[in-house]
Structures are given as C-alpha cells and as structure tokens.
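*Asks:*
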Amino acid sequence: MVQSKWQWLLRIFPAPGSVDRYEKMRACSGALFGLVLTGLTTYILLGKDVHAMWLIAPMGASSVLLFAVPASPLAQPWSIMGGNIIAAIIGVTCAKMVGEPILAAGLAAALAIAGMFVFRCIHPPSGAVALTAVLGGPAVHAMGYSFVLIPVALNSLLLLLTALFFNNATGRRYPHVTQPDRTSKHNTTDVAPTERIGITPSDLDTVLTRYNQVLDISRADLESIMLQTEMQAYRRRMGEVKCASIMSKDVVSVEFGTELAEAWAQFQSHDLTALPVIDRGRRVIGIVTKADFLHHAEIELHEGLGQRLTNLLRPSQLTHTEKHEVVGQIMTKEVYTADANQSIVDLVPLMSDSEVHQMPVIDGQGRLVGMISQTDMIAALFEHGLAEGS
C-alpha cells in the first residue's frame, strides 16, 4: 500500500539521462566560464558605475542551452541573438505603453513568443528578457530602449562568443549545422541509397507535420538518430558479422615507389580495379584505382585513349621530371579503412552513399590484412537474408 502511494511520484521523476560524467562536467564548466567572462567583460566595458547592469538573469538560462545542449535549435547563434533582442524591444515597448505591470508582463511574453516564431529564433530565455524589461524596476525603465543594446545585446553577444570558443575547444561542434548536404555526386535528384529503404525523409516529414509541435532537436539530428538506430537494430540481427569473416586475405598491393607500368600490369593480370598502397611496415598509406590512371592520363574523350595511357605508363628516363612516374604520385591519400574486428554493417553507408567500391582492412597495428569489395558485401548480406528466411 505504501509502495503504491509513491509509485505516481516515481513515474513523474525523469529517467536517467544518457550522457556521461565528462559531458555533465563539460556543461557545468562551460556555464561557469561563459557567465564569468561575460560579466567581467561587460564590467570592464561599462566601468564601475553602480547603476550599470553587468549581467542580466536570463543569461543564466541561456548558458544552460548554449553549454548543456549546444546541438539544440534553441541554442544556435541566431536563436540567442535574435530571440533576446526581439524580446527586449517588445518588453520595453510594452512597459512604456501598458500601465498595468501584470498585463504588460503577460503581453510582452506572448508577443515575444510570436515574434520569435515569425523570425525563426525561438530561445526560451528570451521570455525572461521580455519580463525583465517590464518588471526590472526603475533602473531598467530608466534605460528605455538602450536596454536592448546594453546589457541585452552585449551580454548575448559575449556569451555567444564564449560558447563558440568553449564548445569547439571541448569537442562539441557549434554552431550546429541543422541541414546535411544531400547534393548527389551525380548531379541528380535521387536521395542516398540508404535513404531509399526503411525510414525515408518523406516519412519523417509526414510524421513531424502530424506531430505539430516544436521539438528541441533539429530535423537533421532526429533523422540521423533514427537511421543510426535502424543500423544498430540491423547489426543486432546480423549477429555482428565481422570484416575478417568476409574479406579477401590474399591481397595484391603496391608501394609508394612502384612504377605506374608495374601497377597497371597488376590491374590487368589480377583483373582488379583498386590496389591498396602500403609502406614497408604494411601500413596503408593510400589507394590507387584504374580511375586514377585515367584521370592523370587526362582522358576525357575516347579518342586517343590508348596513346594517352601509354604516355602515362612509359617512364621518362629522366632524373628530374614533372611527369608522374610512380604510384605514390597519383594515389588517393585519403582512404577509408575498416578494422578486421569491425561489423560489416558499419561499412554499408560508406559503400552505398559514399560509393566506396573497395576498402582495405587493417589489424590493430594498422597493417593491411585484407580487402573488402562491394561484391563481398552483397554476398554476405545475401547469405544473411537466406539464413533469416530459412
């Protein structure tokens, strides 16, 4: 009986968050850093006038957003600057035009929210800015519209600058980009392959329209979380098939100093389209493909294909030349690699959306141990599909 009395209270109390101790300490330190620096800087700029307002209370609420949830749409630069300035203007106007403080306060908050909706800069602490302009007392009222610039705009700008520095210095991207680049590399309107099945962008748009509420997360972040959740569920169903299980182990590779003609011969004799480039310790330093040869042979039209390729492969026999002679001069240095113990599910977005056709597989010391191609991936996924259907 006693337990049932307290069950309703336990239901009200939120579930534990998913952030670790470091993130909590980072947010607290950021608020301390931001507010102290904002207050001190304002004090230095305004001097020692006891009537000067160095730090307004709504900045405390803004610091929660800027340092604890910097990815929130409510915490972005335009949200804090636009929201606070619009709310300050509306608050001062209501204080001047409406004699009854309670009515003026309610009207200021309501109009501030409306203004933030119109200008797409919703920032919850801005509601407190509007109330401060109305209920801040004679000192605030005496400032008139100068309250908008000092301290509101000044405090907001200084806190924003500290957030820009602190968040990026501690590993949190800020400002947070809300829309990912969905430009097709083929200059077509098709979405990425992984977005054509499962949860699609149009599905998410439909549900958000039906939900019809402001969310404290960007649409892009919400979509990313949902897609990662799909991948995690698929990884669980796949039983964590590792790269080592499906990779080709007898790998043909070249070194930085391998001559182009020799590398081309490897392509032809083994019927390959890509070769990993390794150093003497068998660590992957790049990858060279047939496309790299064609690109550096400056082949744009079919005419002259053989001759241009022959010219590229033929050594110049000179001690100093600007002509490309070895693999290291034409290879792609930024190469995706997979760990031998990594789940193959992690490779799906790279091999579909990023169109990586072959990927070197390395061990714990970064040494080449295998190669995975799109063919290997298709075979593995097909076998899993058959196993699920049986």
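Following UniProt numbering, the numbering of the sequence shown begins with 1 at its first residue and continues without gaps.
For each residue, glycine too, the CB sits at the ideal point set by N, CA and C.
(1) Taking the continuous alpha helix (DSSP H) assigned at S248, which residues delimit it?
(2) Measuring only the C-alpha atoms, how far is P151 from I56?
(3) Which residue or residues does DSSP assign as beta-bridge partners of S373?
(4) Measure the alpha-carbon distance for I86 versus G115 and round it to whole angstroms.
(5) What I want to know is whether the C-beta of M59 ends up closer than 7 Å to one or more non-hydrogen atoms of the ligand FMN.
(6) To the nearest angstrom, how far is it from the Cα of L111 to the Cα of S79?
(7) Check whether the Cβ atoms of G69 and A133 sit closer than 8 Å, and answer yes or no.
(8) List the DSSP bridge partners of S343.
(9) Thinking just about the alpha-carbon of each residue, which of Q232, L161 and T258 is nearest to the one in V326?
(10) Whole angstroms is fine: what's the gap from R172's alpha carbon to V254's?
(11) Could you name the residues that DSSP lists as bridge partners for I278?
(12) T200 by DSSP, collapsed to three states: which one?
(13) Where does C28 land, buried or exposed, given buried means 16+ other C-beta within 10 angstroms?
(14) Is the separation between the beta-carbon of V129 and that of N84 shorter than 8 Å?
(15) Is the beta carbon of I330 less than 8 Å from the beta carbon of D292?
(16) Buried or exposed: which applies to N168, given that a residue is buried once 16 or more other Cβ atoms fall within 10 Å of its Cβ?
(17) Cα-Cα, which of A153, Q228 and L347 is closest to A244?
(18) Our contact map puts G328 next to A163 with C-beta atoms below 8 Å; I'd like the distance itself, whole angstroms only.
(19) Select from Q76, R26 and P138 the residue whose C-alpha is nearest the C-alpha of A95.
(20) Using C-beta distances below 8 Å, list every residue in its chain close to M377, excluding the 5 sequence neighbours before and after it, in chain order.
(21) Among T206, P276 and P77, which has the Cα closest to the Cα of A153?
(22) F166 and F67: beta carbons closer than 8 Å?
(23) Determine the burial state of L40: buried for a count of at least 16 other Cβ atoms within 10 Å of its Cβ, exposed for fewer.
(24) May I ask you to report which of helix, strand or coil DSSP gives M1?
(25) So the alpha helix (DSSP H) Q266 belongs to, where does it begin and stop?
(26) Can you tell which of I89, K249 and L135 has its C-alpha closest to the C-alpha of E100?
*Replies:* Once the coordinates are examined:
(1) Counting along the chain, S248 falls outside any alpha helix (DSSP H), and DSSP gives it neither H nor E.
(2) 7 Å
(3) Note: S373 sits in a beta bridge opposite Q358.
(4) 7 Å
(5) Ligands displayed in this structure: none; no statement on the ligand FMN is therefore possible.
(6) 16 Å
(7) Contrary to the premise, residue 69 reads as Val rather than Gly in this sequence. No. Outside cutoff.
(8) K242
(9) T258
(10) R172 and V254: Cα-Cα distance of roughly 39 Å.
(11) E255 and V284
(12) coil
(13) exposed
(14) yes
(15) yes
(16) exposed
(17) L347
(18) That pair is no contact at about 43 Å.
(19) P138
(20) I246, I344, L347, V348 and M351
(21) For A153, the closest of T206, P276 and P77 by C-alpha to C-alpha distance is P77.
(22) yes
(23) exposed
(24) Low local confidence applies: a pLDDT of 46 at M1 is under 50, so the model's placement there is unreliable, with the coordinate-based value given in what follows. Residue state, collapsed to three classes: coil.
(25) Membership of Q266 in the alpha helix (DSSP H) is indicated by the continuous run L260 to H270.
(26) L135
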